[in-house]
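Heads up: the sequence shown is residues 6 to 348, going by my numbering. Beta carbons are placed, not taken as given, at the ideal position from N, Cα and C, and that holds for glycine. What follows is a set of notes on a single structure, which appears directly below.
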Amino acid sequence: MKDFYDILKVSPDSSLEDIKKSYRNLSKKYHPDINKEPNAEEIFKEINEAYDTLSDVEKKSIYDNRRHTKNIRFDFTDGFFRKNKNMYDDMFGSWYKHNQYTEFRRKPKPKGENIKVQLELSLDDYYRGKKLRLQYKRNIKCKHCKDDSKNYDFVPKKCDVCVGSGFLNHNNCYICNGVGYVKIPSCTYCKSTRLETVTETVDFNIKQYFDPYKKIVLKGIGHEHKDKDSENGDVYIEIINISPSELGFYVDGGSIFKAADVTLVDCLLGTTLNVIFPDGEEREIEIKAGTRHLENITIEGTGFNIDGRRYASFLKINQMYPLDINDSQKELLLKFKEIEDSK
Ligand SMILES: [Zn+2]
Ligand SMILES: [Zn+2]
């Protein structure tokens, strides 16, 4: 691990002002346009790398933490431990605990962002399953970036305003802050975000009787992360709507329904209906005598599959009234009325 404080010739408790000041002096001294020593450019890059970390509060605290952890171990193995052999047990105990702790706390690999996709399916898809092809936009590592092992995202370019001197009318140049150069992205294609966007196609299967509330996860094909040693994000597919099937099944309030026309007389006397479901199964449904208009007949185990349980679907009765009644039917109805009235 490079010692950024050493590189910038400041102590770890220096203020940001001191760090800036030292950086300004050093970067002027080693600027490749001024300093013709063969290693000047390398040192200049190191100075910038160090400044990039130490001038950023978040990066600095991560760096300080790592630096601190490393020093504890170093002191222990090469110094303290060897001089105090009789403290072996104590030290071993704490070293072991410390090690376990850092193992446990080890930062996971950086991961690219997940991609969310919303999908509309039909009840035919629910009952039969479906093969789908999805096109989506995804960030991948920029192929135009040069070797990024050193992470030099920005390269120095001589400041156009002060022509590299750092001064304008005896004041610090307002463009480069007196440094004499400005930072420009080393990759103009991705502006050094190290990511580019591509259109991707993926084929996947929607399972028969899928859980409509569960997101479908396609692992590892989400956005890539810019870092070399990183994991890809995932694709999350959310089903936001399920449209009716060709056979007239529809979703209402989270359940599956189908309307069924049943004559008044069948409703009064009871009957059985053969209903074909979109999965191709034909089921015999009993309509009990005295079934009313708009009554829902429960068909167990044929509805949605939620959290591993298959719920019921419903047949909604649409009672059909006889429209043209002939004389003999009328005669029977009058007889029917007569009996009803005398009850
Ligand atoms: Zn790039
Ligand atoms: Zn300038």
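Asked                                                                                                                                             : Found
What would DSSP say about Y241, mapped onto helix, strand or coil?                                                                                : strand
Output the distance between the C-alpha atoms of I24 and D69, rounded to the nearest integer angstrom.                                            : 14 Å
By the three-class DSSP mapping on this structure, what secondary structure does V207 have?                                                       : strand
I believe P319 touches I302 by the beta-carbon criterion, under 8 Å. Please report the beta-carbon distance rounded to the nearest angstrom.      : According to the sequence provided, residue 319 is Phe. The question's Pro does not apply to it. Their Cβ separation, rounded to whole angstroms, is 6 Å, which keeps F319 and I302 in contact under 8 Å.
Which residue from I145, F309, I290 puts its Cα closest to that of S235?                                                                          : I145
If you check the beta carbons only, do I261 and L278 fall under 7 Å apart?                                                                        : no
Sort L21, K135, C195, Y131 by Cα distance to D158 and report the nearest one.                                                                     : C195
Counting Cβ pairs, one atom from each stretch, are 3 or more of them under 8 Å apart for the segment 318 to 332 and the segment 292 to 310?       : yes
Cα separation between H36 and D208?                                                                                                               : 53 Å
So is the beta-carbon of I180 under 6 Å away from any non-hydrogen atom of ligand 2?                                                              : yes
Out of K65, D239, G308, V203, which has the shortest C-alpha to C-alpha gap to Q140?                                                              : V203
Output the boundary residues of the beta strand (DSSP E) element that contains Y316.                                                              : First-last for Y316: undefined, no H or E at that position.
At a cut-off of 6 Å, is V160 close to ligand 2 when judged by its beta-carbon and the heavy atoms of the ligand?                                  : no
In whole angstroms, give me the CA-to-CA distance for Q334 and P283.                                                                              : 38 Å
Using 8 Å for Cβ pairs, my map puts L13 next to Y56. What's the rounded Cβ distance?                                                              : 6 Å
In chain order, what residues of the same chain lie with their CB nearer than 8 Å to the CB of E205, ignoring the 5 residues before and after it? : Q140, Y141, K142, R143, I226
Would you call F341 buried or exposed, if buried means 16 or more other Cβ atoms sit within 10 Å of its Cβ?                                       : exposed
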